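Colleague:
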Amino acid sequence: MDSVNRSGAVSKYSPTEIEAKWQQTWADQGLDTTPEDTTKPKFYALSMFPYPSGNLHMGHVRNYTITDVVARVRRMQGYRVLHPMGWDAFGLPAENAAIDRGIHPAKWTYQNIDQMRAQLQKLGLSYDWNREVATCSPDYYKWTQWSFLQFLEAGLAYQKESAVNWDPIDQTVLANEQVDSAGKSWRSGAKVERKLLRQWFLKITDYADELLSDLDQLPGWPERVRLMQENWIGKSTGAQVVFQTESGDELPVFTTRPDTLWGATFMVLSPEHPLVEKLTTADQAEAVKTYQTAAAAKSDIDRTDDTKEKTGVWTGSFAINPVNDEQIPIWIADYVLMGYGTGAIMAVPAHDQRDFEFARKFSLAIKLVVQPEGDARSGDTLTEAWPGDGVMVNSGPLDGIPAGKGDGQSVAAAIQWLETNGKGKGEANYRLRDWLISRQRYWGVPIPVVHCPSCGIVPVPDDQLPVTLPEDVEFSGRGASPLAKLDHWVNVPCPSCGEPAKRETDTMDTFIDSSWYFLRYADANNEGAIFDSAKVNDWLPVDQYVGGIEHAILHLLYSRFFTKVLRDRGLINIDEPFKRLLTQGMVQAITYKNPQTGKYIPPAEVNPDDPKDPSTGDPLEVFYEKMSKSKYNGVDPKDVLQKYGADTARMFILFKAPPEKDLEWDDADVEGQYRFLNRVWRLVSEFATAHPNAATALPPELSKAEKDLRRAIHTAIKEVSEDIEGDYQFNTAVSELMKLSNALSDAKCADSPVYAEGIETLVKLLAPFAPHIAEELWRQLGHQESVHQSGWPQLDTAALVADEITLVIQIMGKTRGTIQVPASADKAALEQYARESEAAQRYIEGKTIRKVIVVPKKLVNFVLG
RNA sequence: GCGGAUGUGGUGGAAUUGGUAGACACGCACGCUUGAGGGGCGUGUGGCUUUGCUGUGCGAGUUCGAGUCUCGCCAUCCGCACCA
């Protein structure tokens, strides 16, 4: 590693030294402070902010490096760039640390933030730290509460009884994502129960249609994220149809196939449907009760898991089919979910497979109303439901109409008939549910309302915000929210009437904190308002957002929702918060697993050439998996930075895989990047020593060597620029840097101004990727200002033009050789050169040329007869 | 079951969008430098029965020419899943 010293010419590349030096200098000079000069075009580059666990992992490094390259390139290109960082700092881990280790969540969190900030700063990320936010800080959550009150005032926040996941051991409510696939609590391991509780919701369903249709405005998002959101919102169009029970109650149902109404032979209600009790006859009371109890005991997962056998019970009563006045039985079954549609369905067994299975099992009538063409079927002989096309039969006014959802087909005709006759109407239904935001936890934003016996729910007035978290709390991990036990905090006078009242003790889902942080960065230190609207309207939307695919739905959907609500409150004028989105792939590392025992073996204990379990001798499975402690395959960024420096780590991560693909960590490739930076160091250092203050003004005439080098230089400028502007292709951008470096190493004109131009260009192009080494080398070249303020190299397209090109000679489409020809040659000349070529002569001799295809600047293909 | 993505050397990955497949690296081999190791430098590296043939998951097709376009399969990964 000290070979450079032996020559005595230049100093050794010492990353830790120069990285610390330049990080300090840049911070002192405020190089990364957001410019206020609004004459420049703006660019907002953002990484999803982290949860402050205390330790930076490789996934973070990858995420932030990608965004940093984008930000640095834009700065060099003359944009004013906003590139902030902050902390998604509320959440369960802090509270668990308090329960397990007796540290206050606030103390634990702020310690972690300090630790992680220090780690981030060692990566050379160009953040404007003046705009740092932490969602657990009262300065921030004051405005989270204020936002909540905006929702409340707009009628978009409400309380409702809801069935939630209840952990009987920890005595607390859990979010869906905190219950594993077996229906057990992630913390206590207890089987989760369903329990009715009064909870806070945000009415995201009011925005379902816009959240769906505006996905079209996001061409800069990955297709699959848009599709996932589309699926999640789950719009289906159809009709609402009102059935009457014999007792006179209305029983509305939603259906996507209103055209099959004449084939409805029974109805099914969800076991939780409010009308079940009333509809159940005395004879059936016991059976219904038993079924309801069994269904209630099952978690959602159990209920949706047994896809095979249908179960259900008849209520004993009947409904009237509104289209033909037929009497049809009303059943209950758990394949009908209370949370979707109206919690009740009309069952058309001939044309819906679930209804068909149910009808067969309980011997219910099956009536065919769509006759597939050229295939006479009847309900009695069907072996499965027919959901496909055909002609309507047995359907009164619809008879003879072709079945389908198109214009003039059965569905449209049915909806028109329903509306004309007042039996129902066209309607859309969504899978999306309202957002349950209540959490019975301490370490979150208190919901800023007071419950008053006489005034009801009273919002805390703006001038009394924030409702701060009390600090004198006990964390036992048992019972309701720790806040509920603090009488002095709970009991307050009603802000409206002054009588004794009680604070809301639920805190908000932490996804709320992260649903608006990207707006706050535009005006992060505003004490008098959530933000200055003009500043948000100036900076937003985020031009490039980068984060993991795991947020494809929740965070990104919630943020879009918040943005639209705040827009409708007149606070901002944008429809969508994130113009372009990049979902970066996982960072994986080699993993060894013993297939016999199922145990993971630390790589340090395995011989990679012959992977065997050191204790049992079993051959091991070898594969790449996401880094994690339990698999012993994590690589600590700290170790990499210490050994190679941030520049090498950044270069490796950018080069190893395209950003959206999974990246396989490989120490040998990290070494490779370190070697490359060392080569660049020697190349530039040696040049700077030999040619202090070298001129870059070009002579009027260039030699061939100079022209070739200059073409390589400007090809690099072109390719790197394109790679980091369109679809980010940092891997090929880095390979272009390597090509330029190789071209300079091989160049035979080291004393030419062209060579000096090449050296300077290499350093500039390298700057966004490896900012420290580029800065150090730039200064060695004699520059006073920072390379990061030196401007992006200008492309000279004239330099790209070659005097000679390589012409491919093909015979019958097969390449048989190449020749060098003048670039200026026209089609006829190219054909002539090709005919005369040795390669063509060999194959053409004695044959007839039937056709010649000439592709200018590329190839000549001879088709022989 | 529904929807989506991906499939190229020993490995990670390129390919101007129909025009020399394997750029750039990693690894490996050989050579030079070095007391040795490391490092550095140089050369080579898809396969094969090597004047040539063959090759981008498999099989057809379009074309002068296909990794790229069309049709049909296979495999892997991801999301959703009794959604009426």
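Residue 11 is where the first sequence starts when you use our numbering, and the numbers rise one by one after that. Note that CB positions come from ideal geometry on N, CA and C, so glycine has one too. A quick note: this is a predicted structure, and the numbers were derived from the prediction, not measured.
How about GLN254 and PRO262: are their beta carbons less than 7 Å apart?
Modeller: In this structure, PRO262 does not lie closer than 7 Å to GLN254 by Cβ.
Colleague: Between THR601 and LYS641, how many whole angstroms is the CB-CB distance? I'm expecting something under 8 Å.
Modeller: Right, the Cβ-Cβ distance comes to about 5 Å (below 8 Å), so this counts as a contact.
Colleague: Since LYS774 and ASP444 should fall inside the 8 Å C-beta cutoff, what is the C-beta to C-beta distance between them, to a whole number of angstroms?
Modeller: Rounded, the Cβ-Cβ distance is 52 Å, inconsistent with contact.
Colleague: DSSP three-state call for THR742: helix, strand or coil?
Modeller: If DSSP states are grouped into helix, strand and coil, THR742 belongs with the helices.
Colleague: Any idea if PRO866 is buried or exposed, counting beta-carbon neighbours within 10 angstroms, 16 or more meaning buried?
Modeller: Its Cβ having fewer than 16 others within 10 Å, PRO866 is exposed.
Colleague: Taking buried to mean at least 16 other C-beta atoms within 10 Å of its own C-beta, is VAL552 buried or exposed?
Modeller: By the neighbour-count rule (16 or more Cβ atoms within 10 Å), VAL552 is buried.
Colleague: According to DSSP, is MET518 part of a helix, a strand, or is it coil?
Modeller: In the structure shown, MET518 sits in a strand (DSSP, three-state: E or B).
Colleague: On the criterion of 16 or more Cβ atoms from any shown chain inside 10 Å, does ASN15 qualify as buried, or is it exposed?
Modeller: Confidence is the limiting factor: at ASN15 the pLDDT is only 35, short of 50, which leaves the residue's position unreliable and the question unanswerable from this model.
Colleague: Enumerate in chain order the residues of its own chain whose CB-to-CB distance from ALA173 is below 6 Å, with the five nearest sequence positions on each side excluded.
Modeller: The answer, listed in chain order, is ARG204, LEU206.
Colleague: Return helix, strand or coil for VAL502, following the three-state DSSP convention.
Modeller: In this structure, VAL502 counts as strand in the three-state DSSP scheme.
Colleague: So, under 8 Å CB-CB, ASP657 and ALA809 are touching, yes? Tell me the CB distance rounded to an integer number of Å.
Modeller: Wrong, their Cβ atoms sit about 28 Å apart, outside the cutoff.
Colleague: Between ASP649 and ASN604, what straight-line distance do the alpha-carbon atoms span, to the nearest angstrom?
Modeller: If I take the Cα positions, the gap works out to 27 Å.
Colleague: Return helix, strand or coil for TYR89, following the three-state DSSP convention.
Modeller: Of the three classes helix, strand and coil, the one that applies to TYR89 here is coil, per DSSP.
Colleague: Considering just the uninterrupted stretch of the alpha helix (DSSP H) at VAL730, what are its terminal residues?
Modeller: Unbroken alpha helix (DSSP H) run through VAL730: 714-733.
Colleague: Out of GLU163, GLU319, PRO456, ILE342, which one is the CA nearest neighbour of GLN294?
Modeller: If we check each option's Cα against that of GLN294, ILE342 comes out closest.
Colleague: Is it the case that the Cβ atoms of ARG84 and PHE53 are separated by a distance below 7 Å?
Modeller: In this structure, PHE53 lies closer than 7 Å to ARG84 by Cβ.
Colleague: For ARG449, which beta-bridge partners are listed by DSSP?
Modeller: The partner list for ARG449 (beta bridge, DSSP) reads THR517.
Colleague: Which partner residues of GLY230 appear in the DSSP bridge assignment?
Modeller: Paired residues: ARG590.
Colleague: For ARG441, report the span of its beta strand (DSSP E) as first-last.
Modeller: Counting along the chain, ARG441 falls outside any beta strand (DSSP E), and DSSP gives it neither H nor E.
Colleague: Given that a residue counts as buried once 16 or more other Cβ atoms are within 10 Å of its Cβ, and exposed if not, what is ALA784?
Modeller: It is buried - the Cβ of ALA784 has at least 16 other Cβ atoms within 10 Å.
Colleague: With DSSP run on the structure shown, which of helix, strand or coil describes MET68?
Modeller: In the structure shown, MET68 sits in a helix (DSSP, three-state: H, G or I).
Colleague: Using CA atoms only, rank isn't needed, just tell me which of ASP628, LEU564, SER569, MET637 is closest to GLY595.
Modeller: Considering only alpha carbons, the answer is MET637.
Colleague: Using the Cβ count rule (16 or more neighbours within 10 Å means buried), how would you classify GLU786?
Modeller: Buried, since its Cβ has 16 or more Cβ neighbours within 10 Å.
Colleague: Just curious, the alpha helix (DSSP H) that PHE528 is in, first and last residue?
Modeller: That run of the alpha helix (DSSP H) goes 527-530.
Colleague: What residues match up with ASN871 in a beta bridge as DSSP calls it?
Modeller: According to DSSP, ASN871 bridges with GLN820, ILE863.
Colleague: Taking its Cβ as the centre, do 16 or more other Cβ atoms sit within 10 Å of GLY351, making it buried, or is it exposed?
Modeller: Flag for GLY351 reads buried.
Colleague: Hey, quick one: how far does the alpha helix (DSSP H) through LYS320 stretch, first residue to last?
Modeller: Per DSSP, LYS320 belongs to no alpha helix (DSSP H) and is neither H nor E.
Colleague: Less than 8 Å between the CB atoms is what I'm expecting for MET95 and TYR137, so what's the real figure, rounded?
Modeller: Yes, they are in contact, since the Cβ atoms of MET95 and TYR137 sit about 4 Å apart, within 8 Å.
Colleague: Would you report the Cα separation of ALA562 and LYS622, rounded to the nearest angstrom?
Modeller: Looking at the two C-alpha atoms, the distance is approximately 39 Å.
Colleague: Could you check which residue in ASN140, GLY349, ALA144, GLY398 has the C-alpha nearest to that of ALA116?
Modeller: Ranking ASN140, GLY349, ALA144, GLY398 by Cα distance to ALA116 puts ALA144 first.
Colleague: Return helix, strand or coil for VAL358, following the three-state DSSP convention.
Modeller: Reduced to three states, the DSSP call for VAL358 is coil.
Colleague: So the candidates are ARG860, LYS868, VAL864; which of them puts its Cα closest to the Cα of GLY875?
Modeller: When only C-alpha atoms are compared, the closest one is ARG860.
Colleague: Report the option in VAL79, SER223, THR49, ASN535 whose CA atom is closest to the CA atom of PRO148.
Modeller: Here the closest residue by C-alpha is ASN535.
Colleague: HIS498: buried (16+ other C-beta within 10 angstroms of its C-beta) or exposed?
Modeller: Answer is exposed; the Cβ neighbour count stays below 16.
Colleague: Figure out for me which residue from GLY384, PRO382, GLY389, ARG364 has the closest Cα to the Cα of THR375.
Modeller: The amino acid occupying residue 375 in the given sequence is Ala; Thr does not appear at that position. Selected option, being the one with the closest Cα: GLY389.
Colleague: Leaving out five residues before and five after ILE113 in sequence, what residues of the same chain have Cβ atoms less than 7 Å from its Cβ?
Modeller: Same-chain partners within the cutoff: ALA107.
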